[in-house]
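Colleague: Residue numbers for the sequence shown, in my numbering: 991 to 1232.
Handing you this structure, nothing more for now.
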Amino acid sequence: MTDSSEVNYRRERPGRSVATASGSSSGSGGSQLLRVRSVTNVQPDTEENVEAQTETVFRNYVYQSYGHDSMRESLDLTPAIPELVNFPTDPVSPAAQIGRELAKFGDDINEKYADVFDGFITSLRITDTDETYDAFANIARRVLSGSVSWGRILILLSFGYRMAIKVVRTQASNFSWLLSKIVGFVTRFVISERISKWIADHGGWAAALSFIPEASNNLFWLVSGLATVSVLVVFAYHRFLQ
């Protein structure tokens, strides 16, 4: 098989990367553009390698997304958490680089659907108990219902990030502990639900960088449809705790 046609993907806000059918990466200060392909001839990765990389990918997705939010919002909305502010400028591993690059694609999702994600999170209390993970997993399964795709995985990462930001704004003093729990939830879900196998079969985490959100409307209906589901999940969660 050969590569499918290249796809245009542009970011209009200042300071964001811009991708088109030709060129290389740039922010607002440069003239180069990022060449992005939608690849069909990917080579499978191993499930073990995907599982080993998942925590690093998601943690760096959180770091990079937080940096984007901090540039958009006041410090009152995104408090200066040392662990997030002082993370290494240069990624220390390929998995870290992948997580940060995926955050650039997830930036629009985080911004547009923050209120929907917050509706999922409002009544979740993050603790060491399996009940908290079960409530998270119920929502995450709805995100991935039907079939797994890079788009749905990107939404899963964005949902996990939004949980972390909620913690930053409400329980900053416990952030490190709570972030570890959220990272554990996402990693456990990816492994236990065999999403790691799907990722491995489709080229591993590195192949995710070829994902282009070609039809934002499809993502809109997917995320918006979950808003109704979240009401039922939160209701069931409270009933479970009673």
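Idealized CB from N, CA, C, for every residue including glycine.
As the structure is a computational prediction, the values presented were derived from the model and not from experiment.
On the premise that glycine 1089 lies in contact with arginine 949, defined as a C-beta separation below 8 Å, what is that separation, rounded to the nearest angstrom?
Modeller: Because the chain in this structure spans residues 991 to 1232, residue 949 falls outside the shown range and cannot be described.
Colleague: Taking only the alpha-carbon atoms, compute the straight-line gap between threonine 1160 and glutamine 1033 and give it to the nearest angstrom.
Modeller: So the alpha carbons of these two residues sit roughly 43 Å apart.
Colleague: Would the stretch 1040-1048 and the stretch 1164-1183 be scored as touching if the rule is three or more Cβ pairs under 8 Å?
Modeller: Touching, per the Cβ criterion.
Colleague: Looking only at its chain, what residues have a beta carbon closer than 7 Å to the beta carbon of leucine 1074, apart from the 5 residues adjacent to it on each side?
Modeller: If we look at leucine 1074 and ignore the five residues flanking it on each side, its Cβ neighbours are Tyr1053, Tyr1056.
Colleague: Can you round the beta-carbon distance between alanine 1236 and tryptophan 1140 to whole angstroms, since I take them to be within the 8 Å contact cut?
Modeller: In the structure as shown, the chain starts at 991 and stops at 1232, and residue 1236 therefore has no counterpart that could be examined.
Colleague: Please classify methionine 991 as buried or exposed, where buried requires at least 16 neighbouring CB atoms within 10 angstroms.
Modeller: A caution first: methionine 991 carries a pLDDT of 40, below 50, which makes its placement in the model unreliable, though a value can still be read off. Answer is exposed; the Cβ neighbour count stays below 16.
Colleague: Alpha carbon to alpha carbon, what distance is there between alanine 1190 and isoleucine 1172?
Modeller: Going from the Cα of isoleucine 1172 to the Cα of alanine 1190 covers about 23 Å.
Colleague: Looking at phenylalanine 1149 and phenylalanine 1107, is the spacing between their C-beta atoms short of 8 Å?
Modeller: In this structure, phenylalanine 1149 lies closer than 8 Å to phenylalanine 1107 by Cβ.
Colleague: Rounded to a whole number of angstroms, what is the C-alpha to C-alpha distance between asparagine 1164 and valine 1157?
Modeller: Answer to the nearest angstrom: the Cα atoms are 8 Å apart.
Colleague: Can the beta-carbon of isoleucine 1111 be found less than 8 Å from the beta-carbon of arginine 1152?
Modeller: Cβ distance < 8 Å, so isoleucine 1111 and arginine 1152 count as in contact.
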